Amino acid sequence: MTNQWWRDAVIYQVYPRSFADGDGDGVGDIAGIRARLGHLRDLGVDAIWMSPWYPSPMADAGYDVSDFRDIDPVFGDLSEAEALIAEAHEAGIRIIIDIVPNHISSEHPWFKAALAGGKERDYFWFRKSQNMPTNWVGEFGGTAWTKVDDDTWYLHLFTPEQPDLNWEHPAVRAEFESILRFWFDRGADGIRIDSAALLFKDPALPEVVEGEPHPFHDLDAVHDVYRSWRRIADEYEDRALIGEVWMPDVERFTNYLRPDELHAAFNFDLLGCAWDPYLMRSSIERTLDAHAGVGAPPTWVLSNHDVTRHVTRYGRADTTFSFENNLDGTPADLELGTRRARAAALLTLSLPGSAYVYQGEELGLWENESIPEDQIQDPMYARRGHTRDGCRVPLPWSGDEPPYDFTTGAPWLPQPAEWKDRTVQAQTGDPSSMLELYRSAIRLRAFKDRDFAWLDRGAGVLAWTRGADFACVLNLSGGPVPLPEHETVLLASGPLDGDLLPQDTAAWLRLK
Ligand code: GLC
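This is how it looks when you write it as C-alpha cells:
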C-alpha cells in the first residue's frame, strides 16, 4: 500500500541557481543547498522540487539539457546530487527532479549527430522547404523554425538552442523511459514534467487555425507516453509524476490525471486569477470539481520561476497574471501585496490537495523589476519583452546588504537593497514575519486529510471547514467582517480587531 504523499504535501521549489552558493562563483549550487537544508527542515516542507541541474549551455537557465544523467559543473556533480538526495531523505524531505521531454539542448550529442547527418536526424523535426515550414509562433513568442542550410529547417517551440524532439520515434520514448529509471534508481521520489502537453506535433504541420485541432498543444498521443511512464513509476514505491500543464480547458487538463496517467499537475488557474472573491471562489470550485472527477489531488501554486512574484502581482491595480498581458513596471503597492500574499498563504495551505511554495515566497520576496537591461539573462526577454529574471533573484539569507550571504562572490542577478528585512536571519523568531507565518502554517496542517466544506460568511468572504473543528476565513470584502464563533484563533495573516477580521486578512480557527 503506498502512502500517496503527493496528495497533500507542501512542496518547495528550489531554483538551484538562486538558492545558495557554496563555492563563491555567484551561482547557487548543490553544496549551497546541502548547507542550507536546515532551512527547509525548519520550514517543515514535505518535498523539494529541483529545477534542472543537468549539464546545459544555459541558453534557457538549464531547461536546455545536454545530458540527463549528470549534473552541470556549475551546480556540482552526480555524487553530490546523490548525497543531497540521501541527506534530504534523512531530514524527512522527498526530492522531485525536473525532466524536460519536449526538447533538448542543441549541444546534446543527439542534435550534433543529427546536424552531421546521422540517424538521429529522425529524432527531431527537420523539414526541407524554401520558406519557413509553418508560421507557428513559439512559446516565448517569435518564430519556431531555424534554418541549418539553404533549404532545411528544424523546429523549436522555445529558443533555437532547444530543438524539439520527435516523440513519434521509438528511440526518443525509450531514452526517456531509461532516464526516469536512472533517477528513480537514485532515489528521486517524483518527476516534474516540463511543458508536459507539448510533446507531439501534427506531422502534416498545419497552421494554427481557431476552431481547428491545435497542431502542437495537447495532442492525444501524449497520453500514451504518460501511461507508459506511470507503469514505470508504479514499479517503484511511492513515486509521483507531476505535470506542468498550462491548459485553460479543465476537461482537457484533467485528462492528464486519469488514474493510469500522472499523479498530479500544476493548477495555474488560481495563479492567473484576480484578487477577487467571486473569481477566486469560482476558480477554487472549478479546480476542486475537476479533480474530484478523476480522483486526483488538486495543487495550489502562487508563484514559480516563470511568473511575476505574487507580492508584486497582488500589489498592482490589475492583479491577474498571464504571459500575454505584460504588466511589468506597472506600479505595485508592496505593502498591500504583502498583506494579500500572507492571506493567500493561509488559503493555499488549507485547501484540499498539495501546495507549492516557490523559494523566497516564504520570505515575502517581491519581483525585482529594476534589473539593468544589460544584466538580463532570460531568453524570453528578446522575444516577448518580458523577463522572468525578476523572480529568479538569489535568496537573501543574512546580513544587511547584498549578497546577504547568498554567496561570497557577486550574485548572478542583483538583489534589491531593501531585502535586508527579508533575510531568513532577520525574520527568524519575529512572529509577525512572513517566514514565521509559513513555518506556523505548515506545522498546523494536521487537518490536511479532513473533509472540505464551504462555510457561508456572506458576500466577499471565502470560508471553509476541514473536518468538524477547523475553519479558514479570508476576507476579500471592502471592510472588516465578524469571525464565526470559534474556540481559538490558531493563526492569522495580520492583526485582528477583536473578533473582527480586517480586509485582505485570513485566519485559521479552531471551532467549538
Ligand atoms: C517550462 C519551464 C520554463 C522553461 C520552458 C522550456 O515552462 O518552467 O522555465 O523555459 O518550460 O523548457
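Residues are numbered in the numbering used here as their position in the sequence shown, beginning at 1, plus a constant of 1. All C-beta atoms, glycine included, are put in the ideal place defined by N, C-alpha and C. For clarity, every value in this text was computed on a predicted model and none was experimentally measured.
Should the segment 3-16 be regarded as contacting the segment 47-57, the criterion being three or more beta carbon pairs within less than 8 Å? In short, these stretches touch, since the Cβ pair count reaches three.
Could you tell me if ASN136 is buried or exposed, where buried requires 16 or more neighbouring beta carbons within 10 angstroms of its beta carbon? As a first step, residue 136 must be located in the sequence shown, where it is residue number 135. Exposed.
Taking the straight line between their C-alpha atoms, what separation do you get for MET2 and ALA10? Taking the first residue of the sequence shown as 1, we reach residue 2 at position 1. Taking the first residue of the sequence shown as 1, we reach residue 10 at position 9. Residue confidence for MET2 is low, a pLDDT of 41 falling below 50, so the modelled location carries little weight and cannot support an answer.
Just checking TYR64 against ligand 1 - is the residue's beta carbon closer than 7 Å to any of the ligand's heavy atoms? Mapped onto the sequence shown, residue 64 falls at position 63. Correct: TYR64 has its Cβ closer than 7 Å to ligand 1.
In terms of residue numbering, what span does the alpha helix (DSSP H) encompassing SER179 cover? Looking up residue 179 in the sequence shown gives position 178. Segment 171-186, the alpha helix (DSSP H) holding SER179.
Does the distance from the CB of THR408 to the CB of GLY25 come in under 8 Å? Position 407 of the sequence shown, counted from the start, is the residue given in the question as residue 408. Position 24 of the sequence shown, counted from the start, is the residue given in the question as residue 25. Yes, these two residues count as a Cβ contact at 8 Å.
Would the beta-carbon of GLU108 be found less than 7 Å away from any heavy atom of ligand 1? Locating residue 108 in the sequence shown gives position 107, counting from the first residue. Relative to the non-hydrogen atoms of ligand 1, the Cβ of GLU108 never comes closer than 7 Å to any of them.
Using 8 Å as the threshold, is the segment 395-406 in touch with the segment 472-483, meaning 3 or more CB pairs across them? As far as the Cβ criterion goes, the segment 395-406 does not touch the segment 472-483, which means the pair count is below three.
According to DSSP, what are the bridge partners of TRP301? In the sequence shown, counting from the first residue as 1, residue 301 sits at position 300. Listed as beta-bridge partners of TRP301 by DSSP are ALA356.
With DSSP as the reference, identify every bridge partner of GLN131, one or two as the case may be. The sequence position of residue 131 within the sequence shown is 130, counting from 1. Under DSSP, GLN131 shares a beta bridge with no residue.
Going by the C-beta, is SER19 closer than 7 Å to any heavy atom of ligand 1? On the sequence shown, position 18 is the one that residue 19 refers to. Exclusion of SER19 from the 7 Å shell around ligand 1 follows from its C-beta lying no nearer than that to any non-hydrogen atom of the ligand.
Tell me the DSSP bridge mates of ASN136? Here residue 136 refers to the residue found at position 135 when the sequence shown is read from its first residue. Per DSSP, none; premise fails for ASN136.
Evaluate contact between the segment 358-375 and the segment 299-315, counting only Cβ atoms and requiring at least three cross-stretch pairs below 8 Å. Three or more Cβ pairs drawn from the segment 358-375 and the segment 299-315 lie within less than 8 Å of each other, which places the two stretches in contact.
Assuming GLU368 and GLY391 make a contact with CB atoms under 8 Å, what is their CB distance in whole Å? Start at 1 with the first residue of the sequence shown, and residue 368 comes out as number 367. Start at 1 with the first residue of the sequence shown, and residue 391 comes out as number 390. About 4 Å separates the beta carbons of GLU368 and GLY391, which is inside the 8 Å limit, making them a contact pair.
Quick check: GLY316 and LEU335, are their CB atoms within less than 8 Å of each other? As a working note, residue 316 is residue 315 in the sequence shown. As a working note, residue 335 is residue 334 in the sequence shown. Against a cut-off of 8 Å, the Cβ pair of LEU335 and GLY316 comes out as a contact.
PRO53 and ASP99 closer than 8 Å at C-beta: Residue numbering aside, residue 53 sits at position 52 when the sequence shown is read from its first letter. Residue numbering aside, residue 99 sits at position 98 when the sequence shown is read from its first letter. Between PRO53 and ASP99, the C-beta spacing is below 8 Å.
Residue ranges of each beta strand (DSSP E) within the segment 203-261, 3 or longer: Secondary structure in the segment 203-261: the beta strand (DSSP E) runs of 3 residues or longer, each lying completely within the stretch, are 241-244 in chain order.
Suppose the cutoff is 7 Å on Cβ atoms and the five residues either side in sequence are ignored; what does the same chain contact list for ARG389 look like? Along the sequence shown, read from residue 1 onward, the residue named residue 389 stands at position 388. For ARG389, where only same-chain residues beyond five positions count, the Cβ hits under 7 Å are HIS306, ASP307, ASP379 and MET381.
Find the nearest neighbour of ASP450 within the set GLY468, ILE86 and GLY23, judged by alpha-carbon distance. By 1-based counting over the sequence shown, the position of residue 450 is 449. Here the closest residue by C-alpha is GLY468.
Same chain, Cβ closer than 6 Å to PRO503, five either side skipped, listed in chain order: In the sequence shown, counting from the first residue as 1, residue 503 sits at position 502. Only PRO481 meet the Cβ criterion.
Near PHE324, what residues of its chain come up, given a Cβ to Cβ distance below 6 Å and the 5 sequence neighbours on each side ignored? Position 323 of the sequence shown, counted from the start, is the residue given in the question as residue 324. A distance below 6 Å between beta-carbons, with the five flanking residues on each side excluded, links PHE324 to no residue of its chain.
At a cut-off of 7 Å, would you count PHE159 as near ligand 1, judging by its Cβ distance to the nearest heavy atom? The residue labelled residue 159 in the question sits at position 158 within the sequence shown. Within the cutoff, so yes.
PHE471: first and last residue of the uninterrupted beta strand (DSSP E) it sits in: Position 470 of the sequence shown, counting from 1, holds the residue named residue 471. Per DSSP, PHE471 belongs to the beta strand (DSSP E) from 471-476.
Same chain only: Cβ atoms within 8 Å of PHE217, ignoring 5 sequence neighbours per side: Translated into the one-based positions of the sequence shown, residue 217 becomes position 216. TRP137, LEU158, LEU199, PHE201, LYS202 and ASP203.
Beta-carbon proximity check, PHE20 vs GLY39, cutoff 8 Å: Residue mapping note: residue 20 aligns to position 19 of the sequence shown, counting from 1. Residue mapping note: residue 39 aligns to position 38 of the sequence shown, counting from 1. In this structure, GLY39 does not lie closer than 8 Å to PHE20 by Cβ.
Rounded to whole angstroms, what is the Cα-Cα separation between ASP30 and ARG440? For the purposes of this step, residue 30 is taken as residue 29 along the sequence shown, with counting starting at 1. For the purposes of this step, residue 440 is taken as residue 439 along the sequence shown, with counting starting at 1. Just so you know, the alpha carbons of ASP30 and ARG440 end up roughly 24 Å apart.
Give the secondary structure of TYR405 by DSSP, where H, G and I count as helix, E and B as strand, and everything else as coil. Residue 405 sits at position 404 when you count from the first residue of the sequence shown. Note: TYR405 maps to coil in three-state DSSP.
Compute every distance between the C-beta of SER229 and the non-hydrogen atoms of ligand 1, then say whether any falls below 7 Å. As a first step, residue 229 must be located in the sequence shown, where it is residue number 228. Because no heavy atom of ligand 1 lies under 7 Å away, the Cβ of SER229 does not count as near it: no.
Sorted by chain position, which residues of the same chain lie with C-beta nearer than 7 Å to ASP239's C-beta, five sequence neighbours on each side aside? Looking up residue 239 in the sequence shown gives position 238. Taking C-beta separations shorter than 7 Å and ignoring five residues to either side along the sequence, the partners of ASP239 in its chain run THR3, ASN4, TRP6 and ASP190, following chain order.
Note down the Cα distance separating PRO278 from GLY461, rounded to an integer number of angstroms. Here residue 278 is taken as the residue at index 277 of the sequence shown, counted from 1. Here residue 461 is taken as the residue at index 460 of the sequence shown, counted from 1. Taking the straight line joining both Cα atoms gives about 5 Å.
Measure the alpha-carbon distance for VAL101 versus ILE194 and round it to whole angstroms. Stepping through the sequence shown from its first residue, residue 101 is reached at position 100. Stepping through the sequence shown from its first residue, residue 194 is reached at position 193. Note on geometry: alpha-carbon atoms of VAL101 and ILE194 lie some 6 Å from one another.
Limits of the unbroken beta strand (DSSP E) element including GLN528: This structure gives no information on residue 528, because the portion of the chain shown stretches from 2 to 513.
Take GLY23 as the anchor and find which of GLY77, ALA454 and LEU337 has the nearest alpha-carbon. By 1-based counting over the sequence shown, the position of residue 23 is 22. Check the Cα spacing between GLY23 and each of GLY77, ALA454 and LEU337: the tightest is with GLY77.
Is HIS306 near ligand 1, in the sense that its beta carbon is under 7 Å from a heavy atom of that ligand? Along the sequence shown, one-based indexing puts residue 306 at 305. Yes; taking the cut-off as 7 Å, the Cβ of HIS306 has a heavy atom of ligand 1 nearer than that.
Could you check whether PHE471 and ARG511 sit closer than 8 Å to each other, using their CB atoms as the reference points? Position 510 of the sequence shown, counted from the start, is the residue given in the question as residue 511. Position 470 of the sequence shown, counted from the start, is the residue given in the question as residue 471. In this structure, ARG511 sits near PHE471, with a CB-CB distance shorter than 8 Å.
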